[in-house]
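Worksheet for the structure shown next.
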Amino acid sequence: NLPPGPVFRLPIVGHLPFLGSNPGRTLLQWSKIYGPTVYVRFGSFGAMVLHDRQQIRRAFNVNAFMGRPNIKIYDTISANRRGIALSDGPKSTEQRKFMQRILRDFGYGKHSMETRILDHIPTLLKLQQLAVNVSRTLKMSTVAEKLSVFLEFIPSWFPEMSGFKEKLRGMAEVQKYLDTLIDEHQRTRSTDNPRDIIDAYLDEIEKTTDPNSSFFASYKCITPTLQEIFMAGVETTTTTLDGLFLQIVASNQLDIRAVEKLAGHQWHIVYTHNAEYPGKVLFENNRSGNME
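Quick look at the structure:
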């Protein structure tokens, strides 16, 4: 019952060699031939590519589509599909809802969080090396984009050459550090008086009595969940800033107008109606940027 798609494909690599330098455009062309849902093989993985907006919106609201591909590195870094981002099903939903509630309780997403962010702005401004060798960065990003469709399959084929084992060693160091933090919190915390997310998570484990819960008498989910929260903040922020800086560098006029509006002021969220042009620059960057 699979949807239609290109019949001819190669062993092992499937349709990957036929995607060309612009895979998105190729998939769009295939949708004109085979319909809004196209079945393709990315290496050894089958995928249904959706092109209809309403169909995509419906898919995002179905739990069956929340899972990630069965790739070895996903299983490894998520401790066998625990946590939020790399897992699916009821336990993933439970972890996500808990983390959303706790983050709101600690002020994330509120105006009060802005003061903490502004404290780190001077450090960001000192990183002058961000502007170094922009032309080479642009060229490398183009090469990386063309090769990206193959990257998920390289670790299983060439674990040493791909850097897969090196990445696992790095992840092990992060997990070791988080385990140390968790142990420290267990020794120093005060029940029902959480200082941070780790305390709140430990409180939830302590008071959970449902044996079907992902929190019940288990610390298996806490490390991958904390790791995902940390990486989500680092990666999305870095990607957004990279796109914004490149956009400004590519347009001198954009740079001048944005700077003129902000020069001499320390803007806050509540004042964004007075900084309409810089606000539009940020909005357009988020709209057009590739957050993957």
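Note that our numbering gives residue 328 to position 215 of the sequence shown, counting from 1, and the numbers run on in steps of one. All residues carry an ideal CB built from backbone N, CA and C; glycine is no exception.
- request: Specify the secondary structure class of residue 59 as computed by DSSP and reduced to three states.
  value: With the chain running from 114 to 405 in the structure shown, residue 59 is simply not present.
- request: Could you tell me the distance, in whole angstroms, from the CA atom of residue 299 to the CA atom of residue 312?
  value: Residue numbering aside, residue 299 sits at position 186 when the sequence shown is read from its first letter. Residue numbering aside, residue 312 sits at position 199 when the sequence shown is read from its first letter. Going by the C-alpha atoms only, they are around 8 Å apart.
- request: Would you kindly check if the distance between the Cβ of residue 287 and the Cβ of residue 208 is under 8 Å?
  value: Numbered from 1 along the sequence shown, position 95 holds the residue referred to as residue 208. Numbered from 1 along the sequence shown, position 174 holds the residue referred to as residue 287. Result no, Cβ atoms of residue 208 and residue 287 do not sit closer than 8 Å.
- prompt: Do the stretch 149-168 and the stretch 124-140 meet, that is, are 3 or more Cβ pairs less than 8 Å apart?
  reply: yes
- prompt: At which residues does the beta strand (DSSP E) containing residue 219 begin and terminate?
  reply: Stepping through the sequence shown from its first residue, residue 219 is reached at position 106. Note, residue 219: premise wrong, no beta strand (DSSP E); not H, not E.
message: If I measure Cβ to Cβ from residue 396 and keep anything under 7 Å in the same chain, skipping five residues before and after, which residues do I get?
response: Locating residue 396 in the sequence shown gives position 283, where the first residue counts as 1. Taken in chain order, the list of residues that qualify is empty.
task: Let me know the secondary structure DSSP gives residue 328 once reduced to three states.
output: In the sequence shown, counting from the first residue as 1, residue 328 sits at position 215. It is coil, neither helix nor strand.
query: What are the boundary residues of the alpha helix (DSSP H) that includes residue 358?
result: Numbered from 1 along the sequence shown, position 245 holds the residue referred to as residue 358. Here the alpha helix (DSSP H) through residue 358 covers 335-363.
message: The alpha helix (DSSP H) that contains residue 154, what's its start and end?
response: By 1-based counting over the sequence shown, the position of residue 154 is 41. Not the alpha helix (DSSP H): residue 154 falls in the beta strand (DSSP E), residues 150-155.
field: Sequence-distant residues of its chain with Cβ nearer than 8 Å to residue 345 (five each side left out)
entry: Counting from 1 along the sequence shown, the entry for residue 345 is found at position 232. Excluding residues within five positions, the ones whose Cβ falls inside 8 Å are 198.
- prompt: Who are the Cβ neighbours of residue 168 in its own chain at under 8 Å, not counting the five residues just before and after it?
  reply: Translated into the one-based positions of the sequence shown, residue 168 becomes position 55. Closer than 8 Å at Cβ, skipping near neighbours: 149 and 150.
Per DSSP, cross-strand counterpart(s) of residue 159: As a working note, residue 159 is residue 46 in the sequence shown. 154.
query: Say the cut is 7 Å; is the CB of residue 353 nearer than that to a heavy atom of the ligand ATP?
result: Ligands displayed in this structure: none; no statement on the ligand ATP is therefore possible.
query: Can you tell which of 205, 123 and 319 has the C-alpha that lies nearest to the C-alpha of residue 334?
result: As a position in the sequence shown, residue 334 is number 221, starting the count at 1. Nearest option by C-alpha distance: 205.
- prompt: Which residue's Cα is closest to the Cα of residue 282: 315, 189 and 321?
  reply: Here residue 282 refers to the residue found at position 169 when the sequence shown is read from its first residue. Closest by alpha carbon: 189.
query: From this set, 331, 290, 232 and 303, which residue's C-alpha is nearest residue 343's C-alpha?
result: By 1-based counting over the sequence shown, the position of residue 343 is 230. Residue 290 is the option with its Cα nearest to residue 343.
query: Of all the options 331, 195 and 393, which has the alpha carbon lying nearest to the alpha carbon of residue 357?
result: Position 244 of the sequence shown holds residue 357. Closest option to residue 357, Cα to Cα, is 393.
- prompt: Which value, in whole angstroms, describes the spacing of the CA atoms of residue 227 and residue 220?
  reply: As a working note, residue 227 is residue 114 in the sequence shown. As a working note, residue 220 is residue 107 in the sequence shown. If you take the alpha carbons of residue 227 and residue 220, they lie about 10 Å apart.
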